[in-house]
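Under this note's numbering, the first residue of the sequence shown is numbered 204, with each subsequent residue one higher. Cβ coordinates follow ideal geometry from the N, Cα and C atoms, glycine included.
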Amino acid sequence: MPPHRVVVLAVDGVYPFEMTIPKRIFGTAQAPDGSPLYEVLTCGVHPGSGPGTVRTDADFSLAVDHGAELLSTAGTVVIPPFVGCGDDSRGADALRGLDDARDSRGSDALRDLRGADGLRGVDGLRGVDGLRGSTNLRDADGLRDLRGADGLRNLRGADGLRNLRGADGLRDSRGADSLRGSRGMDGLRDLRGADGLRGADESVAAGGSGDEWLPPLLAAALDRIAPGVRIVSICTAAFALAAAGRLDGRPATTHWNRAARFRAAFPQVELRPDVLFVDDGDVLTAAGVAAGVDVCLHLVRRDHGSEVANRVARLCIVPPWRDGGQAQYVEQPVPSAESTGTAGVREWALEHLHEPLTLAALAAQARMSVRTFSRRFRDEVGLTPLQWLTAQRVSYARKLLETTDWPVDRVAAAAGFGTGASLRLHLHATLGVAPIAYRSTFRATTSTASTAHAVQATATSAVREV
Numbered sequence: 204m205p206p207h208r209v210v211v212l213a214v215d216g217v218y219p220f221e222m223t224i225p226k227r228i229f230g231t232a233q234a235p236d237g238s239p240l241y242e243v244l245t246c247g248v249h250p251g252s253g254p255g256t257v258r259t260d261a262d263f264s265l266a267v268d269h270g271a272e273l274l275s276t277a278g279t280v281v282i283p284p285f286v287g288c289g290d291d292s293r294g295a296d297a298l299r300g301l302d303d304a305r306d307s308r309g310s311d312a313l314r315d316l317r318g319a320d321g322l323r324g325v326d327g328l329r330g331v332d333g334l335r336g337s338t339n340l341r342d343a344d345g346l347r348d349l350r351g352a353d354g355l356r357n358l359r360g361a362d363g364l365r366n367l368r369g370a371d372g373l374r375d376s377r378g379a380d381s382l383r384g385s386r387g388m389d390g391l392r393d394l395r396g397a398d399g400l401r402g403a404d405e406s407v408a409a410g411g412s413g414d415e416w417l418p419p420l421l422a423a424a425l426d427r428i429a430p431g432v433r434i435v436s437i438c439t440a441a442f443a444l445a446a447a448g449r450l451d452g453r454p455a456t457t458h459w460n461r462a463a464r465f466r467a468a469f470p471q472v473e474l475r476p477d478v479l480f481v482d483d484g485d486v487l488t489a490a491g492v493a494a495g496v497d498v499c500l501h502l503v504r505r506d507h508g509s510e511v512a513n514r515v516a517r518l519c520i521v522p523p524w525r526d527g528g529q530a531q532y533v534e535q536p537v538p539s540a541e542s543t544g545t546a547g548v549r550e551w552a553l554e555h556l557h558e559p560l561t562l563a564a565l566a567a568q569a570r571m572s573v574r575t576f577s578r579r580f581r582d583e584v585g586l587t588p589l590q591w592l593t594a595q596r597v598s599y600a601r602k603l604l605e606t607t608d609w610p611v612d613r614v615a616a617a618a619g620f621g622t623g624a625s626l627r628l629h630l631h632a633t634l635g636v637a638p639i640a641y642r643s644t645f646r647a648t649t650s651t652a653s654t655a656h657a658v659q660a661t662a663t664s665a666v667r668e669v
């Protein structure tokens, strides 16, 4: 059986760090015989098929070998965040139009659309040559009187266009008769389209627009994904999935700093703004950069078990496991120099999971009162001490179920649950399965994968001998 294919979907304005997470995590996972468990490829979103160039949010672009046609072959699709997706200050269209804007004669501030407050959401200016436009731009409050542009009548209250008189880029546009656009019409033709100011009032309220979150080329690309294929969004890429209707009625998360905007724009999505990632079966959403690593490791663990995932984590030097329900934002992730942290207690607890650890015992080990210990633990970890302890015990029990033939009661005792009944309760609450079912499923999956790799290796050897 060939390796599971993971396709990373890179949109113009992609954040390069997040884009490389899937390759680093999935690409490191190997079967016992050393063969790769995943094939990770990257495709761009550009007109046509085949190789192309993808701009990043940094000062460089990337050459990709595949177009969106590759998505039809994917087993898992990962979408990293990109400029304009959940970001109200920069749009992907504005990023693509920087070159045109820089050449616009008589418009100084259009040299940097990303920094021009007055043009914060004006994606429709992508094709405007030199803003050969309005006779009334110098005195227009919010482009109130653009002749022929009905869609701009009510922009007077929009913060981004409220004070054009003070915008350097529009201050000197004297002598222009109309905002003649790249589509061959006077004015900003089809302002409600993908490159215009569609839904300006809604855009101001929600902090963006569906066209920024889901550019037409991206929408067409998502349509290429076969039913049942896993889709993973990292950080604000959840806006794109929501705009495409992929999250309707489903739980999801995004970056905590964009949660309010997400909820306002997509009330039909069950937003969980306080967690690292959400696994809803064939759709997974991660909250941010590090959570992107977490969700990829989670999928490796889901596909191939804790031992493979832990090895990947060791090789990448990242934490082997963080619960998806852990809090995104921790007020004090690193204790101050004058305070005593709880890291030492956590390390000690991992070595004593089989013991009946209580909150009082953990606090005593830290030489703190229960109240102080609980507060500092939550500040550092984002979970209560007992929530964290239960999660570690479940993780250790999973590893024992995967790697040993121990009876359930023995696994429960070793992990600190005391009884098989307690293990069953906690494992079912976490994974939705009983210990025996989990072991059987995992053994069947790994056995099939090992057999397939063995058969493939044998066939390759036979061909070489011939």
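Taking 7 Å as the limit between beta carbons, can you name the residues of its chain near residue i, skipping five residues before and five after?
i, result
"VAL267", "ALA213, THR245, CYS246, GLY247, PRO254, GLY255, VAL257"
"LEU556", "GLN595, ARG596, TYR599, ALA618, GLY619"
"TRP609", "LEU603"
"LEU417", "ALA443, ALA446, ALA447"
"LEU589", "LEU562"
Checking the sheet assignment: what are the DSSP bridge partners for residue i?
i, result
"ASP236", "In the DSSP output, where bridge partners are listed per residue, ASP236 has none listed."
"PRO454", "GLU473"
"THR488", "SER436, VAL481"
"CYS288", "Paired residue(s): none; CYS288 is not in a bridge."
"GLU242", "ARG208"
"ILE282", "SER436"
"THR256", "ALA266"
"GLY159", "Nothing about residue 159 can be reported from this structure: the residues present for the chain run from 204 to 669 only."
"GLY247", "ALA213"
Report back the beta-carbon spacing between residue i and residue j to the nearest angstrom; my notes put them in contact at under 8 Å.
i, j, result
"ARG596", "ALA632", "Actually they do not touch by this definition, with Cβ atoms about 12 Å apart."
"ALA232", "VAL515", "5 Å"
"ALA431", "ASP485", "Residue identity check: residue 431 is Gly in the sequence provided, not Ala. Right, their Cβ atoms sit about 6 Å apart."
"VAL209", "THR279", "5 Å"
Taking only the alpha-carbon atoms, compute the straight-line gap between residue i and residue j and give it to the nearest angstrom.
i, j, result
"VAL611", "GLY623", "6 Å"
"GLU674", "ALA564", "Past the boundaries of the shown model lies residue 674; the chain is included only from 204 to 669, so the question cannot be answered."
"ALA546", "GLU554", "13 Å"
"LEU592", "TRP459", "25 Å"
"PRO225", "ALA567", "41 Å"
"GLY495", "ILE639", "30 Å"
"ILE428", "GLY452", "20 Å"
"ILE434", "ALA277", "10 Å"
"GLY230", "LEU502", "13 Å"
"LEU626", "ARG601", "10 Å"
"ALA462", "HIS249", "29 Å"
"PHE263", "GLU415", "21 Å"
"PHE580", "GLU510", "27 Å"
"GLY318", "GLU242", "Note that GLY318 has pLDDT 41, beneath the 50 cutoff, so the model's placement of it is unreliable and the number below is only indicative. Each residue's Cα considered, the two are about 39 Å apart."
"THR223", "LEU425", "20 Å"
"VAL286", "VAL584", "30 Å"
"CYS499", "ALA443", "19 Å"
"ALA637", "GLU550", "28 Å"
"LEU634", "MET571", "34 Å"
"ARG578", "SER238", "46 Å"
"ILE228", "ALA422", "27 Å"
"ILE437", "THR457", "8 Å"
Taking the continuous alpha helix (DSSP H) assigned at residue i, which residues delimit it?
i, result
"ILE224", "219-229"
"LEU214", "Reading off the sequence shown, one finds Val at residue 214, where the question assumed Leu. Here VAL214 belongs to no alpha helix (DSSP H), and DSSP marks it neither H nor E."
"ASP582", "573-584"
Go to residue i, then tell me how far its beta strand (DSSP E) extends in each direction, as first and last residue.
i, result
"VAL494", "Correcting the residue identity first, residue 494 is Ala in this sequence and not Val. Looking at the DSSP string, ALA494 is not in any beta strand (DSSP E); the run it does join, the alpha helix (DSSP H), is 492-507."
"SER264", "264-267"
With a threshold of 6 Å on Cβ separation, who are the neighbours of residue i within its own chain once the five nearest residues in sequence on each side are excluded?
i, result
"SER252", "GLY270, GLU272"
"ALA455", "ALA441, VAL472, VAL481, THR488"
"LEU476", "The amino acid occupying residue 476 in the given sequence is Pro; Leu does not appear at that position. For PRO476, where only same-chain residues beyond five positions count, the Cβ hits under 6 Å are TRP459, ALA462."
"HIS207", "TYR241, GLY278"
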